[in-house]
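For the sequence shown, our numbering begins at 1 and goes up steadily by one.
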Amino acid sequence: MSSTTPKTLRLLREEITYSKARREEVDILLRLQHYDRQEAFFDSLSNNQDAIKAVIVHHLGLSSTNQCQIADVEDWLHGSFNVCIPVTIKDWKTRTQPGTRVLLRLPLPYKLGEDVCPGNSDEKIRCEAGTYAWLQENCPDIPIPRLYGFATSDGDTV
């Protein structure tokens, strides 16, 4: 009798076998797409670093995109619904915070159903920006990250 190792398929944070997938009460077929979609999204972001730098320059009031150093993809932080891209700012004369590093936080469109319900990512950004503004105004003793600005996919920016 030969012993064979069950074939595994790649999810975002683990691999899964068919027998384990059968026991799950989630849409495994959808989750199987997330690994490749994350790779494609991160590649797209990495290939558009000039646009990312331009957004950061705009929101921080910097004079040049040369002041922005975007971290390597391996150093990006991501959870279930967002990716945070660390950016170091060189010669940041107008900074109002300690340190020279900021995070560009972006929603993961493939985790928010953007392809089946366009606008979900924009709605998430608007709600989170509104929450930041409300907390800053109504709960000034609660420490929260500094929000320098936000933008939606239609070009709306604050």
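For glycine and all other residues, C-beta sits at the position ideal for the given N, C-alpha and C.
- According to the DSSP assignment, residue 70 belongs to the beta strand (DSSP E) that extends over 68-70.
- Rounded to the nearest angstrom, the Cβ distance from residue 115 to residue 152 is 17 Å, too far for a contact under 8 Å.
- With contacts defined by Cβ atoms closer than 8 Å, residue 17 and residue 8 form a contacting pair.
- Going by C-alpha positions, residue 130 is about 26 Å away from residue 99.
- Proximity to residue 127 across 71, 107, 77 peaks at 107, based on C-alpha coordinates.
- The DSSP assignment places 18-23, 28-47, 49-60 as complete runs of the alpha helix (DSSP H) inside the stretch 11-68, in order along the chain (cut-off: 4 residues).
- One alpha carbon belongs to residue 132, the other to residue 64, and they sit about 27 Å apart.
- By DSSP's assignment, residue 84 forms a beta bridge with 77, 105.
- Within 10 angstroms of the beta-carbon of residue 93 lie fewer than 16 other beta-carbons, which makes it exposed.
- Under the three-pair Cβ rule at 8 Å, the stretch 59-73 counts as touching the stretch 83-92.
- Burial state of residue 62 is buried, judged by a 10 Å Cβ sphere holding 16 or more other Cβ atoms.
- Sequence-distant partners of residue 54 (beyond 5 residues in either direction) whose C-beta falls short of 7 Å from its own C-beta, in its chain, are 65.
- Pairing residue 12 with residue 39, the inter-Cα distance amounts to about 10 Å.
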